[in-house]
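The structure appears right after this line, and notes come after that.
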Amino acid sequence: MIPELRTRFNRDFTSADYASLLAMLERRCSVRIEYRVAETPIFVPLALLEEMAASGAELTLSLMGSPETLEAARQAIPAGYRVAGETAHPHFLTADFALVESEDGQLTPKLVEIQAFPSVYGYQVVLCSAYREVYRLPDTLGVFLSGLNEAGYWELLRRTILGGHDPENVVLTEVDPMHQKTRPDFEVTAQTLGIAVVDIASLEAAGDKLYYRNAAGRRLPVHRIYNRAIVDELIARSIRLPFDLTHPWDVEWAGHPNWYFLISKFSLPWLSRPGAGHWVVPPAVFAGDFLEGRGLADLAAAGVPLPAPSGPETVFDELLLKPLFSFAGKGIEFGPTQRRLEQIPAERRAEYLLQQKMSFVPLIATPRGMTQAEIRVLYLWPDGGKLTPALCLVRLGRGKMMGVDHNRNQEWVGASAAFFPTECER
């Protein structure tokens, strides 16, 4: 997106450097990287990243200022998974943006999803550093937002995760963490902050307290949980935890599980409803409202091109069907038919939304052709602090789906990072 930097990078790129990048990542993460890492970062004007960061923060605060919206989302939490001790605000937030062409031909960001759940906060720092070192990128290119440097970023992450507790009593919990593709992030975070990574199903309960076993087998009390376990995975794997999530345990949560539902894809129809005024949010409605209420009319009124009804075979090419509480793009369907929508049981239609499909503009010139970019802003919100955009994660792709799992057999796509020129470079 900054032509001179893009041209310079492509000219100087070598496959040997890319091999060095992958080797450096695996050394620094201490484990194999199981997903595709893009050959290149992207180079973006800081003003564009700040525009996205401001939009994500504005949307979040709008949702938090709407008790009606939050209560509706709370009712969507599956039975048995409404966790006690809900925090006043989420500790982590991610906002994903597509870059699309507006009606007047200008490049503009549009929200893809927003989620109050942690992302790869540790790994992404390592990736940015590796890109800089291997490709000899100048210090005049920045990566951290809100005026942070690397030390300030880690201190903010430390405050957010530890909350003032001894690292020995803070655990990162996940479902079978040693076999998750995000394990590189777990290892970086654990090594840097001095916390343990444990399977959430291995926690032990006694009285009102939770415990974990350290590497030596010693049982230690858990004072704070950095939660990375996703409810839909617990349900899909039929995992029965050895403790009741709804019980008021004597433990704090860094990333309380309820916020995974409270600010999520469930929020999109609320943010895009008529009169909401959030231009960055593409129109979206719940599947039930589309079939039985005002949803179809609202989408049409918002300017979404919709076909004339022609029975069960009607194809809604401009729409995406999304399950509300899946992660990493699982279950998304392009161009659903009327028949497919009607096949969703009536009692489950509130668990799906229909969102206007966005046409990503291919902006990144690579030796393998033009590539699309989805930019995720990573926010941190420590106890006693404020919602802070801190760093960006990027996905490069050429297909319909931008996730790294959907771009396996291509080159110059995958997980990436965003660099911006500072005043000196500009």
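Positions in the sequence shown are counted from 1; adding 1051 to them yields our numbering. No residue lacks a Cβ here, since even glycine has one placed at the ideal position from N, Cα and C. Values in this document were obtained by computation on a predicted structure and should not be read as measured data.
Cβ-based burial, R1477 [other Cβ within 10 Å; buried from 16]: For R1477, the predicted model reports a pLDDT of 45, less than 50, meaning its position is unreliable and no value from the coordinates is stated.
Whole-number beta carbon distance between R1275 and E1225, since they are thought to touch under 8 Å: At roughly 15 Å, the Cβ-Cβ gap does not stay under 8 Å, so E1225 and R1275 are not in contact.
Cutoff 7 Å; reference L1285; Cβ partners in own chain excluding five residues on either side: V1226
Length of the line joining the Cα atoms of A1256 and P1293: 7 Å
Local conformation of E1055 per DSSP, three classes: helix
Cβ-Cβ separation, Y1172 to V1222 (assumed contact under 8 Å), whole Å: Actually they are not in contact, since the Cβ atoms of V1222 and Y1172 sit about 16 Å apart, beyond 8 Å.
Nearest residue (CA-CA) to Q1394, options V1248, H1230, G1339, R1133: G1339
Close Cβ partners of E1201 (< 6 Å) along its chain, the five nearest in sequence each way excluded: none
Contact belief for A1441 with L1199 at Cβ below 8 Å, rounded distance in angstroms: 6 Å
Inter-stretch contact at 8 Å, needing at least 3 Cβ pairs: the region 1089 to 1102 / the region 1124 to 1133: no
Buried or exposed by the 16-neighbour rule on C-beta atoms within 10 Å, applied to P1235: buried
Any non-hydrogen atom of the ligand ATP closer than 7 Å to R1400 Cβ: The model on display carries no ligand, and the ligand ATP is accordingly not part of it.
M1421 (DSSP reduced to helix, strand or coil): strand
Where the beta strand (DSSP E) containing R1264 begins and where it ends: 1260 to 1264
Sheet register partners of F1471 (DSSP bridge): G1193
N-terminal and C-terminal residue of the beta strand (DSSP E) that A1257 is part of: 1255 to 1257
DSSP beta-bridge partners of C1443: V1428
Any alpha helix (DSSP H) of 4 or more consecutive residues that is wholly inside the region 1087 to 1135: 1097 to 1115, 1118 to 1126
Residue interval of the beta strand (DSSP E) (run including Q1406): 1403 to 1407
Cβ separation of Q1162 and V1428, assumed to be a contact under 8 Å, to the nearest whole Å: Contrary to the premise, residue 1162 reads as Leu rather than Gln in this sequence. That pair is no contact at about 10 Å.
Nearest-angstrom Cα separation, counted from M1103 out to T1191: 22 Å
Span of the beta strand (DSSP E), counted from its first residue to its last, around I1276: 1275 to 1278
Assumed close pair A1312, A1124 - CB separation to whole angstroms, cut-off 8 Å: Checking the sequence, you will find Phe at residue 1312 rather than Ala. Correct: roughly 6 Å between the Cβ atoms.
Beta-carbon proximity of L1405 to L1372, cut-off 8 Å: yes
Within 8 Å, strictly: CB atoms of I1314 and P1141: yes
Cβ-Cβ distance between A1181 and M1075 below 8 Å: yes
Helix, strand or coil at E1206 [DSSP, three-state]: helix
Member of Y1263, G1258, E1238 whose CA lies at the smallest distance from the CA of D1250: Y1263
Cα-Cα separation, R1449 to P1413: 8 Å
Exposure of K1316, with buried meaning 16 or more beta-carbon neighbours within 10 Å: buried
Beta-carbon contacts of T1473 that lie in its chain and below 6 Å, excluding the five residues immediately before and after: T1191, G1193
Check whether R1390 and E1369 have beta carbons under 8 Å apart: no
Which listed residue (P1308, L1097, A1348) has its alpha carbon closest to that of Q1166: P1308
Nearest to P1387 (by Cα), restricted to the options Q1407, R1399, I1415: Q1407
Between the CA atoms of C1443 and G1215 - distance to the nearest angstrom: 26 Å
C-alpha gap between V1464 and N1061, whole angstroms: 14 Å
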